[in-house]
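Participant: What follows is a single structure, and I will ask about it in a moment.
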Amino acid sequence: MEALVATAVGVMTAVGVFLILRLRTFPVVLGTLLLSYAVNLFLFATGRLYIDRAPIFTEAARAYTDPLPQALVLTAIVISFGMTAVVVLLALGAYLDTGTDRIDLARQDDDEDVT
Amino acid sequence: MSLALIAALPFLGALLPGLMIRGGRDAAAWVTGAVSALALLLLMTHAPAVFRGEIVQTRIDWLPTLGLNVTFFLDGLGFLFAGLILGIGLLIILYARFYLSKDDPMGQFYAYLLLFQGAMVGIVLSDNVLLLLVFWELTSLSSFLLIGYWKHLPEGRQGARMALAVTGMGGLAMIAGMLILGDIVGSYDLTVILQNRAIIQASPLYLPALLLILLGAFTKSAQFPFHFWLPHAMAAPTPVSAYLHSATMVKAGLFLMARLWPVLSGTPEWFYIVATTGLITMLVGAKIALFKDDLKALLAFSTVSHLGLITFLLGLGTRIGAVAAVFHILNHATFKAALFMTAGIVDHSAHTRDIGRLGGLRSLMPVTFTIALIAALSMAGIPPLNGFLSKEMMLEEAAHTVWAGSAWFLPVLATIGALFSAAYSFRYIAHVFLGPKRTDYPHEPHDPGIGLWVAPAFLTVLVVLIGAFPALIAGPLVAITSGAVTGGALPDYTLKLWHGVTPALFMSLIAVVGGAAILALHRPLARLWNITPRPEAKAIFDALVGGLARAALAFTDRLHNGALSRYLAVMALVTTLAGFAAFFSGTHAPGLRVTLPLSPVPVLGWILLMAASLALVVYYHQRLLALVLVGVVGLIVSIGFVYLSAPDLALTQISVEVVSVLLMLLALNFLPRDTARDSPPLRRLRDLVIAGAAGLGTGSLIYAIMTRDFSTISDFHVANALPGAGGHNIVNVIIVDFRAFDTYGEIIVLGIAALVIYALTEALLGGPAGRRLAEWKRAEAVAGDRHPLLLVVVGRLMLPIVLVVGIDLFLRGHNAPGGGFIAGLVVAIALLLQYMASGFAWAEQRRRYNYHGMIGFGILLATLTGLGSWIAGVPFLTSSFGYFRIPPFEKFELATAMILDLGVFLTVVGAVMLALWSLSRLARRTGETLNTEPMDVRLTKPQPEPEGE
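Top line first, the protein sequences correspond to chains B and L. So the number in this note's numbering is just where the residue sits in the first sequence, counting from 1, plus 1152. So the number in this note's numbering is just where the residue sits in the second sequence, counting from 1, plus 33.
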């Protein structure tokens, strides 16, 4: 099971990094989304993996998984949503303002601002 | 406490002039004067103790672990300087009131002046060297504001920049020197450092520390070769020049040398560096001053020269030299401030400071003439004025000090310096006030009102009194100050006019006669001076700064070429390499933790996740497909959370998933249909390698972590969740109780993110994007149906049900999976669905609550919950709970944490909806119209048709 989670984190990170290195806004947005999945899963997994040990007190439960990474990741997920929303708006705004969805500044060799 | 208050008063007072200027210029001047006077009064309350030889101390621990404490101490040296700073400051405030014109913003001036004053007082009272450095840099900054006060003058701005660059650079060097010094001694307290002379001078780091500290002191006190900034700072209004260059800014370097004199002086290095620099500065400054035609430039270079003189005296390293230095600091402050003020009066009255256009002012401005005459004669070293006394002491010391085996070197050079000094002082009188009256003054000169001349007159009275009765007036002050500088017993000396026939008397005589001779020969000498080529410091400085700026720009342009993808690639690569380097350079125990067994369902999910992720690499340019693939990944991650005992995470992840995808779908409306592929194959390969390495590193790292055991701090949370916070859901209890302050910060971040989105939209609509949107060609023709019937009906039917689910999730959150975050997201989804199904305009029309208000109210609620804990006398956001029973319901629990959770809920709903609403505003700009019917589908008609546009 650990190997599955580790490979999932690895592949999501790799794909996320590959996507944020693209030259257009949309893949970069997708890349940040994927990276935030990977990071959240990573943080969660630092609490180690357990099955059927949800950190909720019940009569039947004997042991609980580490709740702290879960609490951290829960808020992290919500914050990543805020970040995604801002990035989406930025991408949208850049496209509407400039008419292009490139993320790199065009080279301006001829009109350099010399002081 | 009161010492800290003396230093703090000017800073606090700096707020007042800006307010009081509304009551007029007099009100601003009065309040500024009152602040300075109060600080001076506080200082004087310590006078008895200081004169008894005690050291007054104040200590407030600030960052004790870093050795940074707010500690102040007051001894003779600090007392003299603080007295000069505050006393002359008072005179300057008075003088400036009448000097500045109606057009100058006087409130600003006084505010800057007080800031500067506070920084200076801070320097001279600081006990902790780190604190001293803070104040040191503050003087550089506040003097920048003062020198550049006339912002409309390019010379003012350039002079201010130059002063800041030179003194700021020196200040940086000094920080290093002081840190070394503190490191050698093991304490950053001056009082401790000053007692460790032997340790410091024996240390191999003595010389580096000395050089760095002297660099700071020399730049600040305009010693050769850093003297060039001071004359350019003369572009400031005259009150500033009089203040900065007589008693304060430039004396800070001298103060520091005097302060550290007990531990740094007495070595050959100190003697040769400090005394020689001082002597050169004295000569160079005096020589240039002689040929300057601008009154203030003349005074500026004379200041440079006199600073050199004092540095020379300190550099001698003898106790009597230190006494003479202290005495000359006092004397110079009195006559130089007076002289600057007279220069200002002449400028004010005749509308020029050019000596070539002046002369014959004696009978036109008798009062100013008298003041200038006395002050200038004191500067020339004519008895019985105070300048004579300290200059005699200097010459006497020079007369019997051997420099590199030569007995005549110092006396000769010192005499030449004194000679030049006499010459320019005479010139100040002769070429400005004496001679025939002229007919071509730019403005008819006359004496000003008492407001302008009373301050310099007061100072000249001091000049005369100290000269006549040195032991009575200045004796005790010089004694305690010198005692503080030398840090021990005082040498045998007397402050008096007549010392008998000594070598110094002859040297003085030569200087005065020679000075008069040079004045007589000034015209041919000036001609010679003007044709001699000499380096122009400003040109060199400008070229240097310009070159540096160009080099920095070229470097930055290379590094920062606007290609975001390049920065990201470099960042990813460096992070990955750093991770690998750290991993391979350490040792690791094998991972022996027992792993969980595999079962078919998780493997199936894993295959789906892998396939979806890898497919993204190939299909990312097809936006809709890519979005679906991301959705699959998110869904599997959510299911994974459920499987791995994290139901709260799963609920959060899945609802965030829905919201994110919806948001992106809405945004996709306006983005290009397909993403162009424009990376060349080689670049894709490079990116794949970087991405692969990053993925491999991250994956291996988490695998390594998961296969090793660990100790957790969560046992506390598990043990206390129910008894301490009354919650069964430990994750929720951590969020709203144990780590509530984190949560509080997080909802604020979320609120800010939403406001950023709102602001971005606002800016977009006002710019070219707004126009582009207005011409947008809508895609409904392609979609066929504007709002699909099924979605509309289902969405509206679902709304109340989802809202109830949301409330349930919220209420049960403390004890079962749920809580404010999840409930907020679920409710937001229900609302989002209405926008999606029925159109922005329709949903917008039915909106009752302001989303900004919701965010604000949520955060306010959380804050109030936190503050409520304070009222109960417990730390911020401490929760309490209790069990209640209202028949006929069962017993239930109420916790104050629920109010915080309600704040979280409201903020989340508000933030998500504000983001969406912002997008909807963009959409409405494209011309979306409002439906005329509740649904834009007529159910009565057999063939539903889209509403006409």
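Here a beta-carbon is modelled for each residue, glycine too, at the ideal position from N, C-alpha and C.
Where do the ends of the alpha helix (DSSP H) carrying leucine 107/L lie?
Facilitator: The residue labelled residue 107/L in the question sits at position 74 within the second sequence. Per DSSP, leucine 107/L belongs to no alpha helix (DSSP H); it is in the beta strand (DSSP E), 101–107.
Participant: Using 10 angstroms around the beta-carbon of lysine 284/L, count the other beta-carbons present and answer buried if the total reaches 16, otherwise exposed.
Facilitator: The residue given as residue 284/L occupies position 251 in the second sequence. That one is buried.
Participant: What three-state label does DSSP hand alanine 40/L in the structure shown?
Facilitator: Locating residue 40/L in the second sequence gives position 7, where the first residue counts as 1. Helix.
Participant: Whose CA, out of Leu110/L, Gly759/L, Ala956/L, lies closest to the CA of glycine 872/L?
Facilitator: For the purposes of this step, residue 872/L is taken as the residue at position 839 of the second sequence. Selected option, being the one with the closest Cα: Ala956/L.
Participant: Interface residues of chain L around glutamate 1211/B at Cβ under 8 Å?
Facilitator: Here residue 1211/B refers to the residue found at position 59 when the first sequence is read from its first residue. Those within 8 Å of glutamate 1211/B in chain L number zero; the least Cβ separation is about 11 Å.
Participant: Report yes if the C-beta distance between alanine 357/L and leucine 346/L is below 7 Å; otherwise report no.
Facilitator: Start at 1 with the first residue of the second sequence, and residue 357/L comes out as number 324. Start at 1 with the first residue of the second sequence, and residue 346/L comes out as number 313. Yes, Cβ-Cβ distance for alanine 357/L and leucine 346/L is below 7 Å.
Participant: Could you give the C-beta distance for glycine 249/L and glycine 299/L, rounded to a whole number, given that I count them as a contact under 8 Å?
Facilitator: Indexing the second sequence from 1 puts residue 249/L at position 216. Indexing the second sequence from 1 puts residue 299/L at position 266. With a Cβ gap of about 20 Å, glycine 249/L and glycine 299/L do not count as contacting.
Participant: Would you mind giving the Cβ-Cβ distance between threonine 708/L and histidine 654/L, rounded to the nearest angstrom? I have them listed as a contact below 8 Å.
Facilitator: Sequence index remark: in the second sequence, residue 708/L carries index 675 (1-based). Sequence index remark: in the second sequence, residue 654/L carries index 621 (1-based). That pair is a contact at about 4 Å.
Participant: Applying a beta-carbon distance threshold of less than 7 Å, which residues of chain L neighbour arginine 1176/B?
Facilitator: Translated into positions along the first sequence, residue 1176/B becomes position 24. Thr708, Ala709, listed in chain order.
Participant: Compare the beta carbon distance of leucine 552/L and phenylalanine 459/L with 7 Å and say whether it is the shorter of the two.
Facilitator: Within the second sequence, the letter at position 519 stands for residue 552/L. Within the second sequence, the letter at position 426 stands for residue 459/L. In contact: leucine 552/L and phenylalanine 459/L (Cβ atoms closer than 7 Å).
Participant: Are threonine 1177/B and isoleucine 1255/B touching if we call contact CB-CB under 7 Å?
Facilitator: Position 25 of the first sequence, counting from 1, holds the residue named residue 1177/B. Position 103 of the first sequence, counting from 1, holds the residue named residue 1255/B. Cβ distance < 7 Å, so threonine 1177/B and isoleucine 1255/B count as in contact.
Participant: Alpha carbon to alpha carbon, how far is leucine 178/L from valine 68/L?
Facilitator: Translated into positions along the second sequence, residue 178/L becomes position 145. Translated into positions along the second sequence, residue 68/L becomes position 35. For leucine 178/L and valine 68/L, the distance between alpha carbons rounds to 20 Å.
Participant: Would the segment 787–798 of chain L count as touching the segment 942–954 of chain L if we require 3 or more Cβ pairs under 8 Å?
Facilitator: Taking 8 Å as the limit for Cβ pairs, the verdict is that the segment 942–954 of chain L does touch the segment 787–798 of chain L.
Participant: Rounded to whole angstroms, what's the CA-CA distance from leucine 864/L to serine 693/L? Just pull it up for me.
Facilitator: To locate residue 864/L, count along the second sequence from 1; it is residue 831. To locate residue 693/L, count along the second sequence from 1; it is residue 660. Each residue's alpha carbon lies about 14 Å from the other.
Participant: Taking leucine 397/L and valine 379/L to be in contact with their CB atoms under 8 Å, please state how far apart those CB atoms are, rounded to whole angstroms.
Facilitator: By 1-based counting over the second sequence, the position of residue 397/L is 364. By 1-based counting over the second sequence, the position of residue 379/L is 346. At roughly 10 Å, the Cβ-Cβ gap does not stay under 8 Å, so leucine 397/L and valine 379/L are not in contact.
Participant: Nearest to leucine 45/L by CA position, among Asp681/L, Leu148/L, Glu808/L, Gly730/L, is which residue?
Facilitator: Counted from its first residue, the second sequence places residue 45/L at position 12. Nearest option by C-alpha distance: Leu148/L.
Participant: Starting from aspartate 934/L and walking both ways along the alpha helix (DSSP H), at which residues does that stretch end?
Facilitator: The count along the second sequence starts at 1 and reaches residue 934/L at position 901. Element bounds for aspartate 934/L: 930–958.
Participant: Got a sec? Which residues, its chain only, sit under 7 Å from alanine 648/L by beta carbon, not counting five neighbours each side?
Facilitator: The residue labelled residue 648/L in the question sits at position 615 within the second sequence. Leu662, listed in sequence order.
Participant: Out of curiosity, what's the CA-to-CA distance linking aspartate 525/L and alanine 517/L?
Facilitator: The residue given as residue 525/L occupies position 492 in the second sequence. The residue given as residue 517/L occupies position 484 in the second sequence. Cα to Cα, aspartate 525/L sits roughly 16 Å from alanine 517/L.
Participant: Just to confirm, are serine 912/L and alanine 928/L a CB contact at a threshold of 7 Å?
Facilitator: Counted from its first residue, the second sequence places residue 912/L at position 879. Counted from its first residue, the second sequence places residue 928/L at position 895. Their beta carbons are under 7 Å apart, which means serine 912/L touches alanine 928/L by this criterion.
Participant: Report the three-state DSSP secondary structure of tyrosine 916/L (helix, strand or coil).
Facilitator: Indexing the second sequence from 1 puts residue 916/L at position 883. Tyrosine 916/L falls in the strand class under three-state DSSP.
Participant: Would you say valine 1169/B lies against chain L (beta-carbon separation less than 7 Å)?
Facilitator: In the first sequence, residue 1169/B corresponds to position 17, counting from 1. Interface residue, yes.
Participant: Using three-state DSSP, classify phenylalanine 177/L as helix, strand or coil.
Facilitator: Translated into the one-based positions of the second sequence, residue 177/L becomes position 144. Three-state result, phenylalanine 177/L: helix.
Participant: How many Å lie between leucine 836/L and leucine 48/L at the Cα?
Facilitator: As a working note, residue 836/L is residue 803 in the second sequence. As a working note, residue 48/L is residue 15 in the second sequence. Approximately 52 Å, taken between the alpha carbons.
Participant: Counting pairs of Cβ atoms below 8 Å between the segment 1196–1208 of chain B and the segment 1217–1228 of chain B, do you hit three or more?
Facilitator: At 8 Å Cβ cutoff, the stretches touch.
Participant: What is the DSSP secondary structure of phenylalanine 1196/B, counted as helix, strand or coil?
Facilitator: Within the first sequence, numbered from 1, the residue matching residue 1196/B stands at position 44. Correct three-state label for phenylalanine 1196/B: helix.
Participant: Could you tell me which of Val1169/B, Asn1192/B, Tyr1189/B sits nearest to serine 598/L, measuring between CA atoms?
Facilitator: Here residue 598/L refers to the residue found at position 565 of the second sequence. For the residues Val1169/B, Asn1192/B, Tyr1189/B, the minimum Cα distance to serine 598/L belongs to Val1169/B.
Participant: Please report the straight-line C-alpha distance between histidine 476/L and proline 187/L, rounded to a whole angstrom.
Facilitator: Within the second sequence, residue 476/L is the residue found at index 443, counting from 1. Within the second sequence, residue 187/L is the residue found at index 154, counting from 1. One C-alpha to the other measures close to 24 Å.
Participant: Exposed or buried, which one is threonine 589/L when buried takes at least 16 other CB atoms within 10 Å?
Facilitator: In the second sequence, the residue the question calls residue 589/L occupies position 556. It is exposed - the Cβ of threonine 589/L has fewer than 16 other Cβ atoms within 10 Å.
Participant: What residue range does the beta strand (DSSP E) around isoleucine 93/L cover?
Facilitator: Here residue 93/L refers to the residue found at position 60 of the second sequence. That run of the beta strand (DSSP E) goes 89–96.
Participant: Are the C-beta atoms of arginine 958/L and some chain B residue less than 7 Å apart?
Facilitator: Taking the second sequence and counting its residues from 1, one reaches residue 958/L at position 925. By this cut-off, arginine 958/L is not an interface position.
Participant: Please decide whether leucine 1173/B counts as near chain L, where near means a Cβ-Cβ distance under 7 Å.
Facilitator: For the purposes of this step, residue 1173/B is identified with residue 21 of the first sequence, where counting begins at 1. So yes, leucine 1173/B belongs to the interface.
Participant: Are the C-beta of tyrosine 736/L and some C-beta of chain B separated by less than 7 Å?
Facilitator: By one-based count along the second sequence, residue 736/L stands at place 703. Judged by the 7 Å Cβ criterion, tyrosine 736/L is in contact with chain B.
Participant: Give a yes or no on whether the minimum CB-CB distance between histidine 761/L and chain B is below 7 Å.
Facilitator: Here residue 761/L refers to the residue found at position 728 of the second sequence. With 7 Å as the cut-off, histidine 761/L counts as an interface residue toward chain B.
Participant: Are leucine 858/L and glutamine 1222/B closer than 7 Å when you measure CB to CB?
Facilitator: Taking the first residue of the second sequence as 1, we reach residue 858/L at position 825. Taking the first residue of the first sequence as 1, we reach residue 1222/B at position 70. Not a contact, by the Cβ cut-off of 7 Å.
Participant: Within its chain, find whatever has a CB closer than 7 Å to the CB of isoleucine 780/L; leave out the 5 residues flanking it on each side and keep chain order.
Facilitator: Here residue 780/L refers to the residue found at position 747 of the second sequence. Here the set comprises Gly891, Ile892, Ala895, Gly936, Val937, Thr940.
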